[in-house]
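Colleague: Here the sequence shown is numbered in my numbering, starting from 27 and rising by one per residue. In this text, a Cβ means the ideal position worked out from N, Cα and C, and glycines have one as well. Remember, predicted model here, so these are calculated numbers, not experimental data. Could you have a look at this structure, given as structure tokens, before my questions?
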Amino acid sequence: MLRNSLSVDKVFNILSKRYSKRNGGYTRVLKAGFRYGDSSPMAIIEFVERDINAKGLIDKERVKEELKQQDQNNQELKSQVSEKELDTKTKSDNKKEVKSKDNTLEKESKKIK
Numbered sequence: 027m028l029r030n031s032l033s034v035d036k037v038f039n040i041l042s043k044r045y046s047k048r049n050g051g052y053t054r055v056l057k058a059g060f061r062y063g064d065s066s067p068m069a070i071i072e073f074v075e076r077d078i079n080a081k082g083l084i085d086k087e088r089v090k091e092e093l094k095q096q097d098q099n100n101q102e103l104k105s106q107v108s109e110k111e112l113d114t115k116t117k118s119d120n121k122k123e124v125k126s127k128d129n130t131l132e133k134e135s136k137k138i139k
């Protein structure tokens with residue numbers, strides 16, 4: 027029973043043309059194990075001949091956009107990490123300089139006494 031008008035249109039317009047030369051065996055049934063809870067058997071039903079180019083055209087575009095976003099996010103994170111590393115290096119360098127200044131001041135004060 028198809029209640030969705032888009033599905034009905036697809037069956038009668040697209041799929042009927044694709045399977046017009048087949049005498050039968052339009053679908054494949056794959057066992058998918060048992061459902062958790064009531065242990066009823068589950069299966070995946072799919073069409074035998076698929077149009078690979080039609081499947082996932084929108085998904086391919088979505089995946090490309092997601093990859094671009096991930097690349098941009100990775101670049102932003104790398105720049106933030108490199109800025110933090112520079113900040114910590116300069117802070118540690120500044121601390122060393124301060125320590126060396128204190129050490130020289132202490133040495134000078136000891137000489138005066």
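Just reading off the alpha helix (DSSP H) that Val34 is part of, what are its end residues?
Modeller: The residue you call residue 34 lines up with position 8 of the sequence shown. First-last of the alpha helix (DSSP H) with Val34: Ser31 to Asp35.
Colleague: With three or more C-beta pairs closer than 8 Å as the rule, is the stretch 57–68 touching the stretch 29–42?
Modeller: Contact between the stretch 29–42 and the stretch 57–68 is absent, because fewer than three Cβ pairs lie under 8 Å.
Colleague: In chain order, what residues of the same chain lie with their CB nearer than 7 Å to the CB of Tyr52, ignoring the 5 residues before and after it?
Modeller: The sequence position of residue 52 within the sequence shown is 26, counting from 1. Correct list, in chain order: Tyr45, Phe73 and Val74.
Colleague: Under the rule that 16 or more other beta-carbon atoms within 10 Å means buried, what is Glu123, buried or exposed?
Modeller: The residue labelled residue 123 in the question sits at position 97 within the sequence shown. Confidence is the limiting factor: at Glu123 the pLDDT is only 48, short of 50, which leaves the residue's position unreliable, though a coordinate-based value still follows. Exposed is the call here.
Colleague: With H, G and I counted as helix, E and B as strand and the rest as coil, what does DSSP make of Glu72?
Modeller: Residue mapping note: residue 72 aligns to position 46 of the sequence shown, counting from 1. Looking at Glu72 - three-state DSSP - the assignment turns out to be strand.
Colleague: I think Val89 touches Ala69, with their Cβ atoms under 8 Å apart; what is that distance to the nearest whole Å?
Modeller: Along the sequence shown, read from residue 1 onward, the residue named residue 89 stands at position 63. Along the sequence shown, read from residue 1 onward, the residue named residue 69 stands at position 43. About 28 Å; that fails the 8 Å criterion.
Colleague: Express the C-alpha separation of Lys47 and Asn30 in angstroms, rounding to a whole number.
Modeller: Walking along the sequence shown from the start, residue 30 turns up at place 4. Walking along the sequence shown from the start, residue 47 turns up at place 21. Going by the C-alpha atoms only, they are around 26 Å apart.
Colleague: Which class does Lys104 belong to by DSSP, given the choice of helix, strand or coil?
Modeller: Within the sequence shown, the letter at position 78 stands for residue 104. Note: Lys104 maps to helix in three-state DSSP.
Colleague: When you compare each of Glu92, Pro67, Asn49 and Asp77 to Lys36 by their alpha carbons, which one comes out closest?
Modeller: What you label residue 36 is simply residue 10 of the sequence shown in a count that begins at 1. The option with the nearest alpha carbon to Lys36 is Asp77.
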